[in-house]
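These notes concern the structure reproduced below.
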Amino acid sequence: MAININRDEFPLKLYHATPRAMVGWGSYQMAGEEAKKIGIKHALLVTSGLKGTGIVEEIKGVLNYAGVEVTIYDKVTSNPKDYEVHDAYKLYKEAQCDGYVSVGGGSSHDCCKGARIVDSQNGRSIREFYGMNEFAEPINIPHLAITTTCGTGAETTYATVITDTDRKYKLLIFEPSAYATRAIVDPALIRTLPPKLTAFTGIDALCHAVEAYTSRLNVVASWGFALHAIQLIGKNLREAFGNGNNAEARENMAWAQYCAGHAINSAGACVVHAIAHSLGGLLDAPHGLCNSIGLVPVQRYNMVACPERYADIGRALGVDTTGMTTVQAAERALEELDKLIKDLEVTERFTDLGLEEQHIDTLADYACTDFASNINPRTVDKEVIKDLIRQCM
Ligand SMILES: [Fe+2]
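Heads up, the sequence shown stops at 394 in my numbering, and the numbers go up one at a time, no gaps.
The structure is reproduced here in C-alpha cells:
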C-alpha cells in the first residue's frame, strides 16, 4: 500500500464565482430592469407558485412594466423532480423565451438551474449531469434568481439538486457556470414566510454555515462568510420566527442566508446535508426540516474531529468562552445549537416524515454516496450514518 505523503486530503482549493446580487428592501422592484440588463425580453418565470403571498403576480407585474414578457411555470415542488425540470424546459421552448427568472426558495432556483442546464446542452436529460461537470462552453443563458426564503442561498450557488424520480435519489449536479446571472435578495419578500418555514429555512442556512466552516475542504476564504452567517442567525432567527414583521431580524436573516450560501458554495456541506438529501429523494421530506432534526446529533458526532472550530462557532453564537478549554467551548456551542432548535419548537423526528426501520439501510447507502459525506469533518461509514439516522427517529 502506498504511503500518503500529501499534507491535506484536499490540497487544491476551488473558490467558485457567485452572481452579482442586489440585497435590500424593495430590491425586487428592480427585477424588470435587472432582467433587461442581462438580455431577457421574454422570461420563463419558474416558481412553486407561492400561493397566497401575491409575490408571483407582483414580480410578473414588475417585469411586464419594464417591457419583459412573462410565461409562468409554477409547478415546482419541494425536492424538485427531474420531470419538472423538463416540463419547465419544454414550456421555455414552446413559449420561445430567451431567459429565466426563478422566484422562491431552493426548489424554484434549482428547478430553474436544471432547466437552464438542459437548455444549454440541447435538451439532454438532466440525469446525465449527475456529479462534477465542466461544460466546454460555459452557460450563457440569462437567469435572474429572486429569493423569498431565509435559507436557500441557491440564488448564489453553482450546485443544482434534482430528484431522480425513478431511483428516488437526489442528484447533486456541479457545473461551475450554473450559478444565476444575477440575484435579488429582498427582505420584503422573505417577510411573508410563516414561522415554521422561517425556522426550517433559517436552520438550513445555519447548517450551510456550520458545515462549510467545519468541512474537510478547508476553504479559508469561506470561513468569514460562515462565521458571520452563524452570528447573524444566532442573533436574529428567534426574532424572525417569533415576529415575522421584525424588519431588522428579517433583513439580517436575508444577509445570513446569503452569506451562508457563499460559504457552502465553495466549502461544501457535510453529513447533515447528505442525510437530508437522502430523505428528500426517498421520502420527499422537506429539506429544511430534515436539517433541523439532523443538525445537533451530527454536530455532536463531529465535534471531536475539530473542537477548535466548534469553539469558534460557540463564540459566533454569543458564548463567552473566557476561561474555558477548547473542548469546553465546543461543548457550549453544541448546547447553544440545541437550545436554538428547541426555542424554534422543532419537535418533529424523522419518523414524522414517514421514515421507517425498513428504509434505514437504503437511506444510509444513499447518504454514503453523497459527496457531502466525503468532506464531513469526522470520518463516517454506513454504520455511523445508520446510527445518526436512528438518533433522529
Ligand atoms: Fe441546504
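By construction, the Cβ of each residue, glycine as well, lies at the ideal position given by its N, Cα and C atoms.
Integer Cβ distance of residue i from residue j, believed to fall under 8 Å
| i | j | result |
| --- | --- | --- |
| D111 | A155 | 6 Å |
| A255 | I191 | 5 Å |
| Y101 | H144 | 4 Å |
| A22 | Y302 | Actually they do not touch by this definition, with Cβ atoms about 34 Å apart. |
| D371 | L173 | 7 Å |
| L283 | H360 | 6 Å |
| E1 | T327 | Beyond the ends of the chain as shown, which are 2 and 394, falls residue 1; an answer cannot be given. |
Reduced DSSP secondary structure (H/G/I, E/B, other) of residue i
| i | result |
| --- | --- |
| D344 | helix |
| A383 | The sequence as given places Lys at residue 383; Ala does not occur at that position. The answer is helix: DSSP assigns K383 an H, G or I state. |
| M254 | helix |
| F175 | strand |
| D165 | strand |
| M23 | strand |
| T48 | strand |
| A373 | helix |
| K76 | coil |
| A155 | coil |
| A398 | Here the chain has residues from 2 to 394 only, and residue 398 is not among them. |
| K82 | strand |
Distance CB(residue i)-CB(residue j) smaller than 8 Å
| i | j | result |
| --- | --- | --- |
| I386 | A368 | yes |
| I73 | A32 | no |
| T157 | H263 | yes |
| A306 | P378 | yes |
| A213 | G281 | no |
| V297 | V272 | no |
| Q97 | H43 | yes |
| A230 | A257 | yes |
| K114 | T161 | yes |
| R217 | E10 | yes |
| T352 | M394 | yes |
| D83 | T153 | no |
| N292 | D187 | no |
| V211 | Y16 | no |
| F132 | F175 | Note that residue 132 is Gly in the sequence shown, not Phe. The answer is yes: Cβ separation under 8 Å. |
| A334 | Y311 | yes |
Residue i - partner residues in DSSP beta bridges
| i | result |
| --- | --- |
| L145 | V102, R183 |
| G107 | In DSSP, G107 forms no bridge with anything. |
| H43 | E70 |
| Y367 | The partner list for Y367 (beta bridge, DSSP) is empty, contrary to what the question assumes. |
| M31 | According to DSSP, M31 bridges with nothing at all. |
| Y170 | D165 |
| G132 | I174 |
Runs of alpha helix (DSSP H) wholly within the stretch 182-262 (minimum 4 residues, chain order):
188-191, 196-215, 221-243
In chain order, which continuous runs of the alpha helix (DSSP H) of length 4 or greater are located wholly inside the stretch 268-298?
272-284
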